[in-house]
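Residue numbers (this note's numbering), protein chains in the order written: chain C, 1297 to 1544; chain A, 179 to 581.
Even for Gly, the Cβ is constructed at its ideal location relative to N, Cα and C.
Here the structure comes first, spelled out in structure tokens, and everything after it is commentary.
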Amino acid sequence: MDSIISIKNFSMQFGKTRVIDDLSFDIMRGETFGLLGSNGSGKTTIIRALLGIYIPTGGALLIDGKPYSVSGSVKLGYLPEERGLYKKESVIDIMMYFGQLKGLSRDEARAQSMSYLQRVKLEDKAKLRLDKLSGGQQQKIQLGITVMGNPELLILDEPTKGFDPVNRRLLMNIIEEHQARGATVIMVTHQMEEVERLCDRIILLKDGKARAYGTVAEVRQKFKGHSLNDIFLEVYGDENDEEESNHA
Amino acid sequence: MHNLSTVIRFEIVRTLKKKSFWAIALGFPLMFGIIFGIIFLSNQSTSDAAAKLEKQQFSVEVTDNSGLVRPEVLKAVSAATVTDRETGRAHVTAGSVDAYFYYPHDLTKNKIEIYAKNVGLFDNGRYDAVARALLSSSVQTDMPADVLAVVKGSVTTSTTTFRDGKEFDPMKQMIFPGVFLVLFYLLIAFFGNQMLTSTTEEKENRVIEMILTTIEARTLIIGKILSLIALAFIQGVIVVLPALIGYILLHDKLSLPSIDLSSLPVDWVRISVSAAIFAISFLLFTGLLVAIGASVPTAKEAGGFIGLVMMLLFGPLYAASLFISTPDSPFVIGMSLFPFTAPIPLLLRNAVGNLQPWEIATSLIILTVSAAAVMAIAVRLFRYGALEYSRKLSILEIFRRRG
């Protein structure tokens, strides 16, 4: 497997705060990769810098050997951590708009939108304004837009945020389908059970540095066979202990 | 190109679906229709009332010390004469006569006195009208028609002016170039706020990250601007079309003046200069409004800037007479060359024909460079200020960021 994403000596600083410090790792084509860490560990910053939303302080973040550009060769599906769509437009109009921006024809965009809405049992909401839908339903629409056009690279930042168990299962199924057709999936999360179920390899971040990097088995081996959940607690536990001692 | 047309279609369709667009678009011609309707009905009822008054018969007595009121005129309205004011006044108070008019000896120094039975605030005016009519009818009887026309001020003039040996009417000359001034004003007035808030929606709805990873920021901004231009055209049609249809249908009925466009002079050079100033200025101000919108977190905060931009843009209108009368003054030249105040002075001065060739060339260059710079800043602000959901951005901060 060749690498689709290559991050080399990446550093990111906001004001005087260094969020990422000389980080390097690769993500292979067709694998499902977990970007793990607690809140504020720099996961979303890496994704935003990778997609050109942030300009890195140092280093290089490459997709297929080049910095990401909308007109580049890789078809991207991105579900950001900050969720939102055009609230005053109808569901079908929004889905078709994004579908067409991703290069689909009007008919293809309509067909794919309706097919997805049927799958998630929202076909009767197609002509409703987005803000008439519940929060969970809006999340489903955003996920549908993300996977529209069968992207080669799927980046999901906290994908299960706001999903109930039923919808979480639906999301997992959708991810597995895209895995099966060879898409590269990057999951930014701290839901360890999802990672164990879906991810081939992971990187665990703390203070902008990699604390563990490799296959799930390799990482577990490094931490004496503990579950990822226990590893997470071990890595971040001292942080909580420090906080507790500070409070005491 | 595919994405640009997608953005334009999306922006146009969703704006056309908004009730607020139609409220403004139809509200403008509707408001004018209502105003003209009120004026028409008001004039109609006033003239009906005046006609009714003229037909009203009332008994009147007159004392004429001026010697100007002719007996045959008095006879025509069955007015009797009395010798003194006190008698006439007593007849009115006693109710034996409706009105009494007293014409003093010297009308240049004294007033015509009217004593009459009260018939209401509006209808009391009939006494004044009849008293004046008796006098003017008497005086005009022996007056030749031409003298009468002069006295009435109904004499008309025809002026022909020349420039470089050819007939030149500055008023007619400014009509076609001046259209761009009106168009510019209407466009900014109608769409200024929409331009200002066109990019804040993506921020407020948190859709910006998905958008920026799906489409180039430049394409999105250009698409939004082009859609605004298309919407302005649609709105223009909505405003002009009913007026045009109304003019064609009601031209004869309302005795509207005939407009002969073929008689208006067409100076293609001046029209082209106006068109160029209009187009570049529109881009400059659109870019400015989009840039402001991109640098603030919400539409509400963006709205606070619209007054400032309008003041900058239309403030020069207060100096309009200076732009026409003293085109060589440093103030006028300065206002015409400074890009953010230039559109109104340039369009106005070009319409009246006092813009020098060097000023045209210089101002067009300055406007073009400024529009390009502002557009670039707007795109950059949108691109790199995208994730600033809760605070304003300074331009310096944006340019300090590398890349």
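Contact between A/V552 and A/A469 holds, with the beta-carbon distance rounding to 6 Å and staying under 8 Å. For the C-beta of C/P1447, not a single chain A residue is nearer than 8 Å; the gap to the nearest is close to 11 Å. Burial state of A/S336 is exposed, judged by a 10 Å Cβ sphere holding fewer than 16 other Cβ atoms. Looking at the DSSP output, A/T259 shares a beta bridge with A/V240. Taken in chain order, the complete alpha helix (DSSP H) segments of 4 or more residues contained in the segment 1463–1489 of chain C number zero; there are none.
Contact between A/S315 and A/V251 is confirmed by a C-beta separation of about 5 Å, below the 8 Å threshold. With a threshold of 8 Å between beta carbons, C/F1394 makes contact with chain A. DSSP, read as helix, strand or coil, puts C/M1308 in strand. At least one beta carbon of chain A lies nearer than 8 Å to the beta carbon of C/K1398.
Restricting attention to A/V191, A/Y278, A/V451, the CA atom closest to the CA of A/S541 is found in A/V451.
In this structure, the beta-carbon distance from A/V185 to A/G401 falls below 8 Å. At a cut-off of 8 Å, the C-beta of A/V552 has no neighbouring C-beta in chain C. A Cβ of chain C is located within less than 8 Å of the beta carbon of A/M388. Taking 8 Å as the threshold, the shortest C-beta distance from C/V1481 to chain A does not fall below it. For a Cβ distance threshold of 9 Å, residue set S1365, V1366, S1367 of chain C lies close to A/E394, ordered along the chain. Cβ proximity to chain C below 7 Å picks out F188, R192 from the segment 188–218 of chain A. Note that the C-beta distance between C/V1512 and C/L1500 is not below 8 Å. Under the criterion of beta carbons closer than 8 Å, A/P521 and A/V510 do not qualify as touching, at roughly 14 Å. Considering only beta carbons, the part of the segment 1328–1349 of chain C lying closer than 7 Å to chain A consists of L1347, I1349, in chain order.
With fewer than 16 other Cβ atoms from the protein chains shown falling within 10 Å of its own Cβ, A/I423 counts as exposed. With respect to the 8 Å criterion, C/Y1382 and A/N383 are classified as neighbours on the basis of their beta carbons. At a cut-off of 8 Å between beta carbons, A/T184 contacts chain C.
Residue state for C/S1369 is assigned as coil, using DSSP reduced to three classes. Around the C-beta of C/Q1414, fewer than 16 other C-beta atoms lie within 10 Å, and the residue is accordingly described as exposed. Straight through space, the alpha carbons of C/S1302 and C/I1316 are spaced by roughly 15 Å. Chain order gives the chain A residues near C/K1383 as N383, where near means a beta carbon separation below 8 Å. In this structure A/F340 is exposed. Its beta-carbon is surrounded by fewer than 16 other beta-carbon atoms within 10 angstroms. For C/I1441, the secondary structure class from DSSP, reduced to helix, strand or coil, is helix.
Against A/N181, the close residues of chain C are L1397, in the order they occur along the chain (beta-carbon pairs closer than 7 Å). Among the residues of the segment 1442–1468 of chain C, none has a Cβ less than 7 Å away from any Cβ of chain A. Per the coordinates, the alpha-carbon of A/F236 lies some 8 Å from the alpha-carbon of A/A277. If you look at C/G1355, you'll find it in the beta strand (DSSP E) that goes 1354–1359. Chain C places no beta carbon closer than 8 Å to that of A/T378, leaving this residue out of the contacts. Fully enclosed beta strand (DSSP E) runs of no fewer than 3 residues occupy 1372–1375 of the segment 1356–1431 of chain C, in order along the chain. For A/A454, the enclosing alpha helix (DSSP H) starts and ends at 446–473. Judged by beta-carbon spacing, A/S459 lies within the 8 Å limit of A/F362, meaning their Cβ atoms are closer than that value.
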